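What follows is a short report on a single structure.
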Amino acid sequence: MQICCTKDLQQELGIKAEAGFEENDLFCWSTHIITINRKKAVVAVNDSNRFGFVLFGLKAKEFKNLKEHLLQGIKKCLADEKIKEEVIEEYIKAASDIAFARTRGPKYVSRLNKAVEMVKAFSDRIEPEKVYQAEVARLINDDFIKTDKQADYEHPHDLLISDMEEFAVGNIISCKAVNLRIKLNLGRRDAWRRIITPIDITFKELHYIIQTAFNWKDRQLYNFNVFDKSGRCLATLISRHEETYDTYTKGELLLDEEVRLSEYDDKNIKIVYCYDYGADWKHEIIIDNINMDYDKNYPVCLMGEGNTPPEDVGGIFGYVEFLKIISNPKHEKYNDTYNWLQSQGYREFDIDIINKRLKNILRFPVVF
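Note that numbering that gives the first Met the number 0 numbers the sequence shown so that position 11 is 10, with each residue one more than the last.
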């Protein structure tokens with residue numbers, strides 16, 4: 000494994016690196032040292048696919064053992080992509096021992112500089128207590144890049160997977176996943192979705208998945224209540240936006256971004272997701288089963304039925320009135336209601352569109 004260091008990083012390490020001998024870009028990582036919030040950080044970028052990561056808050060003792068920290072960082076960034084452990088070990092073994100070298104030329108330095116710029120842009124996402132910066136890595140690896148002038152724009156995370164599939168031959172992804180049945184209560188109607196997702200997501204990420212699967216717009220407050228089989232509420236999970244509110248008395252009060260779904264993977268558990276407290280849209284979430292060998296690193300909507308009400312329609316009673324109007328073009332309020340519906344960007348259930356959006360929802364959680 001060749002670690003190609005800029006002059007600044009060489010100076011920090013107290014070394015004068017020579018040109019390396021590794022010719023395979025996949026086994027080379029370009030690295031640079033920067034300062035973020037008055038602390039030293041190392042940015043590493045793979046020379047083949049421009050997939051990268053950040054080690055933050057490094058001090059003298061960490062720099063003395065930087066090879067090991069970089070090795071663990073490489074393993075971590077690959078594991079976060081749900082690449083199989085045996086594939087990661089095969090890659091590390093094939094790359095052989097880590098050796099420092101100088102950077103390999105302007106092309107690779109330019110790529111490294113672009114990653115450094117992005118890391119600085121996302122410096123507000125740095126978690127001060129952690130060395131490996133998972134969220135920043137996720138963000139920089141979702142960038143759109145061109146590997147050369149003739150190539151199409153691609154994401155580093157997709158290029159990494161392509162490289163690793165070519166290296167290992169065959170499917171390289173495996174993770175523990177959960178099958179969820181999610182039913183939205185619409186009175187006499189229902190809208191439901193069956194979702195499979197990696198089980199290590201946070202409840203905040205589950206919120207984004209539900210918003211996407213049901214075509215909500217993420218404009219309202221929400222919470223999760225987790226119940227055991229007796230109906231006792233074990234926990235209420237809220238977003239950071241509601242942290243100052245103290246109106247919850249059910250179970251333990253937790254932040255959704257700090258709790259993972261894997262902590263409640265019992266089939267006897269029932270989760271209720273409430274979106275928009277005024278409308279009180281309740282989604283009942285049931286765990287169908289656990290998949291120990293899921294071959295994707297993103298959620299998928301397996302099937303579903305029923306449309307979601309438009310935002311701000313006025314709860315179930317307002318939705319019933321809306322359906323009465325919109326189903327009758329002769330109704331006096333039809334035109335106004337139709338125009339309002341279009342202004343909402345309303346979509347009927349389309350599983351293909353939903354799955355296209357779900358593919359990146361854990362990387363770039365934006366609901367639209």
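Ideal placement from N, C-alpha and C gives every residue a C-beta, glycine not left out.
In this text, all values refer to a predicted model and were calculated from it rather than measured experimentally.
Per DSSP, Leu57 is not a residue of any beta strand (DSSP E), being assigned neither H nor E.
By the neighbour-count criterion, in which a residue is buried when 16 or more other Cβ atoms sit within 10 angstroms of its Cβ, Ala278 is buried. DSSP, reduced to helix, strand and coil, places Glu153 within a strand of the structure shown.
Rounded to whole angstroms, Phe166 and Asp199 show a C-alpha spacing of 26 Å. Of the candidates Leu322, Thr196, Thr336, the residue whose Cα lies closest to the Cα of Ile286 is Thr196. When the five nearest sequence neighbours on each side are left out, the beta carbons in the same chain lying within less than 7 Å of the beta carbon of Arg239 are those of Leu254, Glu256, in order along the chain. With a threshold of 16 other beta carbon atoms within 10 Å, Val86 meets it and is buried. Rounded to whole angstroms, Phe62 and Ile237 show a C-alpha spacing of 39 Å. Secondary structure note for Gln1: its beta strand (DSSP E) is the uninterrupted segment 1 to 4. Gln10 sits exposed, since fewer than 16 C-beta atoms from the chains shown fall within 10 Å of its C-beta. With contacts defined as CB atoms closer than 8 Å, Leu183 and Thr307 qualify as a contacting pair.
A distance of 8 Å or more separates the beta carbons of Val135 and Val41.
If you check the CB distance, Ile171 and Lys74 do not come in under 8 Å. Arg193 has its alpha-carbon roughly 19 Å from the corresponding atom of Val225.
Note on geometry: alpha-carbon atoms of Gly186 and Val258 lie some 30 Å from one another. For Ala16, no beta strand (DSSP E) encloses it, and the DSSP letter there is neither H nor E.
8 Å or more divides the Cβ of Asn140 from the Cβ of Pro127. Taking C-beta separations shorter than 6 Å and ignoring five residues to either side along the sequence, the partners of Tyr318 in its chain run Pro308, Val312, following chain order. By alpha-carbon distance to Tyr207, the top candidate from Lys358, Cys27, Tyr131 is Lys358.
Rounded to whole angstroms, the separation of the alpha carbons of Leu25 and Thr102 is 15 Å.
Looking at the DSSP output, Thr196 sits in a beta bridge with Val177.
For Leu77, the enclosing alpha helix (DSSP H) begins and ends at 65 to 79. For Pro298, the closest C-alpha among the options Asp351, Gln149, Pro328, Ala18 is that of Asp351. Nearest to Asn288 by alpha-carbon distance, out of Tyr276, Asp265, Tyr272, is Asp265.
Counting every other CB atom within 10 Å of its CB across the protein chains shown gives Gly51 a total of 16 or more, marking it as buried.
The C-beta of Ala78 has fewer than 16 other C-beta atoms within 10 Å across all chains shown, which makes the residue exposed. Here the alpha carbons of Ser342 and Lys355 stand approximately 23 Å from one another. Put simply, the segment 98 to 118 touches the segment 138 to 152. At least three CB pairs are less than 8 Å apart. Leu252 places its beta carbon less than 8 Å from that of Thr235. Asn327 and Lys216 have their C-alpha atoms spaced approximately 26 Å apart.
Partner residues in the beta bridge of Glu251, as assigned by DSSP, are Ala234.
The C-alpha of Gln210 is placed about 14 Å away from the C-alpha of Glu347. Looking at the backbone, the Cα of Gln219 and that of Tyr276 are separated by about 8 Å.
Within 10 angstroms of the beta-carbon of Asp46 lie 16 or more other beta-carbons, which makes it buried. Here the alpha carbon of Ser122 sits roughly 7 Å from the alpha carbon of Ile35. For Thr211, the three-state secondary structure derived from DSSP is helix.
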